[in-house]
Every structure is written in structure tokens, then in C-alpha cells.
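Working notes for the structure below.
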Amino acid sequence: GKVTKDAHSYTVRLAGPRPVEAVTALAEPGAALSEAVVEAHVPGEGWRALGKLSPSGFTQTAAKGLRADAVRVTVPEAARTAPPSYLSPTLPPSPAVVAGSPQVHALVPWFGDEPAATLDLTHGETDAEIGGESQRVAARLAGRRPVEVKGKLTAKAPEGIEVRVPKQTTVPRGSRTDVPVDITVPADTPAGEYEVPLTFGGQESTLTVRAFPRTGGPDLARTAKASSSGDETPDFPASA
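The opening position of the sequence shown corresponds to residue 1 in UniProt numbering, with each subsequent residue numbered one higher.
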């Protein structure tokens, strides 16, 4: 989304209202975080507080599907000034001290209207020798949740193609992982192209396997007798 900043706020505006499951904030640790809060803007209702910023600088607060069109880190107006550090009845009142503003490095909303993880193939096609060794490709999963995503990558192998994938896969929070997919073509499989649908958490991608016959065979050169059309015979050279 579009980022705007002012003296007291760091705001990320979305393209439109979306269900927000959680918000992660990364800020510079320090005393300036003590009064800062994370808020979400609900159209027609205004800003709604989700939680305070952690003094450690890392904050993750739940939004529970709240439909919002913006999120922000801000210092509430009531906390933007602080009393002076000393008071004396014999001195005139000292001006209030302006509270420091948090230095926000990133503000990330996590949405509930997108898949828990996306699925792509590093290579959408692979060649495999009929009766040969297995070929490995990678299915790439990218997490779209504020927590790790667990599930099973499944493959629907057509007749004549064997596919092996791990029994369980864990996608780290907000990160990606490559899952190995091993393809084997048995010796009795006809040559041709085969499609292997792969799915994870409702997401699908298709791998195309090109099966080709083995080109190797007996090494005839090791047992054959060498000859050529230019070999000399007893009649060469010719008699005069």
C-alpha cells in the first residue's frame, strides 16, 4: 500500500477495504515506543486501536478479520506531550515536553482474503528418460500468513509416471520454501508429454513431463572388426 508519514504517525493505505488478520510492525527500539499504538481504519467508523507497540521494536497484533482500508502506528494525541522533568512551586510553570515519535521501519498487514501460501514451480517442464533415473524439480511455496503454514503437497500422477513428494511441508511465516518433487518414468511407459497437477492448500500448478526413450545400447564398437574401403590388398600395388 501507499505509505505516508507525519510527526506522530506512520500509515499504510490499502487500495480498498480488506479483511486484516494481523499487523506486524518493525520499529527502532526505545522509549518512544512506550505510548505508540497500532491502529486500523474501518471505513465509516474511523480508527480502531489494535494494541500497543512493544518496546523491543517488534510487534504483531491480531486484527481478527477486521475490514480496514489503512493501518498505522501512531502516538495518541493525549500522549504527544509529557510533563517537564522537574516541578518547583517557586518557578513559573515549565512548558510541556513533546513526546518522541517512533521510528517505524516496516508495517505489514496480513490479509484473510488470500491463500495461506502460494504455489509455483521453479521449472514448469522437465525431461525424463524412460527407464532412467528420477528427475527432481522444485515446487516453491510462499507463506502469506503471520504464522507458519503446515500442509501436504499432493501430486496427481498420470498413468505411466511416478511422483514422490514429502509427506508434510512447513512454510515459514512470511517466507518461502522449495519442496522437492521427484519424477520417474518406468521402462514400459510410452514416449510423450504428461501433465502432473500439484496442489497445496487449494492452490494448483501443473508440471509437464516429457518422457523420451533411452538412447543408449550395446557398445558395438568394442566388438566390431575395423575395416575401410581404402585398405590395401595383395593386389596393391598393381603389377607392371
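The beta carbon of each residue, even a glycine, is placed where N, CA and C say it ideally should be. Fair warning: this is a prediction, and the values are worked out from it, not measured in the lab.
- Beta-bridge analysis with DSSP links Gly112 to no other residue.
- Taking 8 Å as the upper bound for CB-CB distance, Phe111 and Val20 are in contact here, some 6 Å apart.
- Residue environment: Thr61 is assigned as buried (16 or more neighbouring CB atoms within 10 Å of its CB, all protein chains considered).
- In this structure, the beta-carbon distance from Thr169 to Gly151 falls below 8 Å.
- CA-to-CA, the gap between Glu77 and Ala36 works out to about 10 Å.
- For Ser56, the closest of Leu153, Thr74, Gln203 and Leu33 by C-alpha to C-alpha distance is Leu33.
- In the DSSP assignment, Val147 falls outside any beta strand (DSSP E) and carries neither an H nor an E.
- Around the beta carbon of Ala211, a 10 Å sphere encloses 16 or more other beta carbons of the protein chains shown; the residue is thus reported as buried.
- With contact defined as three or more Cβ pairs closer than 8 Å, the stretch 171-183 and the stretch 133-142 are in contact.
- Contact annotation: Val75 and Val23 have beta-carbon atoms that are not nearer than 8 Å.
- Residue state for Leu53 is assigned as coil, using DSSP reduced to three classes.
- Leaving aside the five residues that flank Glu114 on each side, the residues in its chain whose CB is nearer than 6 Å to its CB run, in chain order, Arg144.
- Take the alpha-carbon of Gly51 and the one of Ala116: they are about 24 Å apart.
- By the neighbour-count criterion, in which 16 or more other beta carbons inside 10 Å mark a residue as buried, Phe200 falls on the buried side.
- Your pair Val149 and Val165 does not check out as a contact, with CB atoms roughly 16 Å apart and the cut at 8 Å.
- In this structure, Pro213 lies away from Ile161, with their beta-carbon atoms at least 8 Å apart.
- Distances from the alpha-carbon of Leu153 to those of Ala7, Asp120 and Pro146 put Asp120 closest.
- With fewer than 16 other beta carbons inside 10 angstroms of its own, Thr206 counts as exposed.
- By DSSP's assignment, Arg164 forms a beta bridge with Asp182.
- C-alpha of Ala27 to C-alpha of Gln103: approximately 5 Å in a straight line.
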